[in-house]
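Numbering (the numbering used here), first residue to last: 27 to 276.
See below:
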C-alpha cells in the first residue's frame, strides 16, 4: 500500500508578500498608463494646433502668390505698353526726319541742275562774245538776263544752304532726343528685370522664414504707387546716322 504525500500549504508570510507585490505592480502599471494617456493627449493637441497653423500659413502663401501674380501681370502689361508707345514715337520721328531729308535732297538736286544749265548757257554766251567783234544789243540783253539768272540761282543756293544748316541742326536735336528715349527705355526695362529678380528672391526667402501677415488694407492703388528704381545700363547707345551734305559753292 502506497501513501501519496500532499504538498504543504504556503506559509502565511509568503502569500502576503506575493499579494503585496501584485498590488504594487498593478498600481505602477495604472500610473504609467495614465501618464502615457496624458502624454498622448498632449501630443494630439499639439499636432492639431500645428495642423491649424499649417493651414493658416498655406492660406497666406496662396494669398501672397495671387498678389505676386497680379503685380507681375500688371508690370508685364505696362512694359508692353511702354515698348509699343516708344516704338511708335521712334517710328514717327524717324519718318518725319526721313521725309524732311528727302525734301532737302530734292531741292538740292533741282538747284544743282539749274546751276549746271545756267553755267552751260553762260559758257555758250561767253564763247559767242569772244568770237564776235561787236556785241549786239540782243547779246547784251542776253548777258544781262543770264547775269540776272545767275544772281537768282546764287540767292536760291544760299537759301538752300541755310535750309540745309537748319535741317542739320534739327537732325542733331532729333537724334539726341531719340538717344535719350532709347536710354530711358533701356533703363526702365532693366528696372523691371531687377524688380522681378527681387520678387523672386523674396519668394525664395519666404519658403524658409515666416512671411509677414497680409494687411486687409492691401489695395491696387498701393501697388500702382510702388516706386521702381531704374539702374543705369552699360548697353551701347543706338544712334541714327544721317549723311551730312556739303553746301554748294559756285
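From the three backbone atoms N, C-alpha and C, an ideal C-beta is built for every residue, glycine too.
Remark: C-beta atoms of residue 204 and residue 116 approach each other more closely than 8 Å. Here the alpha carbon of residue 210 sits roughly 13 Å from the alpha carbon of residue 111. Taking C-alpha positions only, residue 113 is separated from residue 105 by approximately 12 Å.
Closest by C-alpha distance to residue 128, out of 189, 226, 143, 70, is 189. Within the region 135-159, complete beta strand (DSSP E) segments of at least 3 residues are not found at all. CA-to-CA, the gap between residue 90 and residue 80 works out to about 15 Å. In this structure residue 183 is buried. Its beta-carbon is surrounded by 16 or more other beta-carbon atoms within 10 angstroms.
Distance from the Cα of residue 176 is smallest, within the candidate group 102, 146, 74, for 146.
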